[in-house]
Ligand code: IMP
Ligand code: MG
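In the numbering used here, the protein residues as written are 22 to 442.
Next up, the structure:
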């Protein structure tokens, strides 16, 4: 029995939801370790589409689901998702770590206010309050899930935080969208409803591992949105890289057996920030439409571009993937042109990975390798059904990253998946 991490290798939206769902079938426990409801994971099962923001995608399989200490929890969203699952007849066992931080209405107010104040320099956040919530965690003025579920503690913590947040919003000439009293009354009720889900996720996951159960650790967002190693400041406020599974759950390094890097066959980004291989115009529109590249959380059109191997090699260094899952290969099918960036030119130098200093990334020019375009057949039952040109493309990704491709996905449906070993 193994412990697996599934993490995004690009800017998020790589198709992690589908890959997690795939591996969840054999898992006992599925746990999320980072982010919050800025994430949007789409899982399609037998004509039903599930969209998750907070609850691990493993809920579709009714596996034991955990939300670790590293996740920001919006209790309103959590309840909506539980309702949605109930309507679909799914009642997964859920544990939320009491150490996880809670997104409060004033975090959402502040997220909007800060973005507005930034004007053109905005990050393009999902406006879900993620940044302000994790800022409070670091400043030690946050409210944890444990606080939320204990109304006396909650009243005190809220009282301390509220005065500060009111002052902070004043800087932006704003007032909290709801009063402290309203917030207390709504959120203490939410806390009461959610109390039964409180559980020590670190303990549960470690116990599951020692009992030789199959554990899946589900990452949100992608490597280049990491607050340290991504394209700062155009990043999220947590760590989507695989290492965050350890700190986001509360477990040791040597417990991980596999680390699956999810790579979209091209690249997308939602929100601002550098994107060296970005495409524009009709060709980009075509890929966007074909790939349904509109945000699961915000509905925003995603920026699209060619696959970037310099990015993937960097992702490999940051995550040490044991295997890759390539998703959305079907979106490249039938295109007139197919390219991937294999190196960057900067001054007289050729770079094979991304520079640490973003100023250099902005100046670097992607160097492309052209590929023969391919058209996928209607039916793909095994790897040998893939056209030679598609195989060439996949071999290129495998060769240049040095990581074996374990999964090739070519559609949203579960059946549109090849497991290669
Ligand atoms: P935040 O996480 O809402 O603060 O947004 C910060 C940046 O990360 C913005 O560019 C968002 O569009 C991006 N982002 C956050 N979550 C996701 C995600 O799940 N997929 C893709 N982009 C995301
Ligand atoms: Mg997404």
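Using N, Cα and C, we set each Cβ at its ideal position, and we do this for glycine too.
Near ligand 2, meaning a beta-carbon closer than 5 Å to one of its heavy atoms, we find 34, 61 and 317. Residue range 302–311 is occupied by the alpha helix (DSSP H) that includes residue 303. Proximity of the beta carbon of residue 293 to ligand 1 is indicated: a heavy atom of the ligand is located closer than 7 Å. With a cutoff of 7 Å, residue 146 counts as near ligand 1, since its C-beta is closer than that to a heavy atom of the ligand.
With fewer than 16 neighbouring CB atoms inside 10 Å of its own CB, residue 304 falls in the exposed class. Taking residue 154 as the centre and dropping the five residues before and after it, the same chain places the C-beta of 93, 122, 124 and 128 closer than 6 Å to its C-beta, in chain order. Collapsing the DSSP output to three states places residue 363 in a strand.
Contact annotation: the segment 272–290 touches the segment 27–38, with at least three C-beta pairs closer than 8 Å.
By the C-beta density criterion, residue 274 is exposed, having fewer than 16 other C-beta atoms within 10 angstroms. Taking a C-beta distance under 8 Å as the contact criterion, residue 361 and residue 372 do not qualify as a contact pair. The alpha-carbon of residue 143 is positioned some 26 Å away from that of residue 265. Residue range 386–392 is occupied by the beta strand (DSSP E) that includes residue 389. Following the DSSP letters along the chain, one finds residue 74 in no beta strand (DSSP E), marked with neither H nor E.
Taking every protein chain shown into account, the CB of residue 177 has fewer than 16 other CB atoms within 10 angstroms, so this residue is exposed. Relative to the Cα of residue 245, the nearest Cα in the group 429, 380, 311 and 33 belongs to 33. Beta-bridge pairing by DSSP links residue 426 to 345. Per the DSSP secondary-structure output, residue 239 pairs in a beta bridge with 27 and 53. Residue pairing by DSSP places residue 87 opposite 52 and 116 in a beta bridge. If you look at residue 41, you'll find it in the alpha helix (DSSP H) that goes 37–45.
For residue 216, the closest alpha carbon among the candidates 432, 100 and 161 is that of 100. Per the C-alpha coordinates, the member of 50, 428, 410 and 401 positioned closest to residue 224 is 50. Three or more Cβ pairs drawn from the segment 328–336 and the segment 409–421 lie within less than 8 Å of each other, which places the two stretches in contact. In the assembly as shown, residue 346 is a buried residue. Its beta-carbon has 16 or more other beta-carbons within 10 Å. Per DSSP, residue 269 is one residue of the alpha helix (DSSP H) stretching across 265–270.
Taking all protein chains in view, the Cβ of residue 357 is surrounded by fewer than 16 other Cβ atoms within 10 Å, so the residue is classified as exposed. Distances from the alpha-carbon of residue 156 to those of 401, 259 and 366 put 259 closest. Going by beta carbons, residue 170 and residue 219 fall inside the 8 Å limit. For residue 256, no alpha helix (DSSP H) encloses it, and the DSSP letter there is neither H nor E.
At least one heavy atom of ligand 1 is found less than 7 Å from the C-beta of residue 242. When C-alpha distances from residue 54 are compared across 198, 193, 91 and 325, the shortest belongs to 91.
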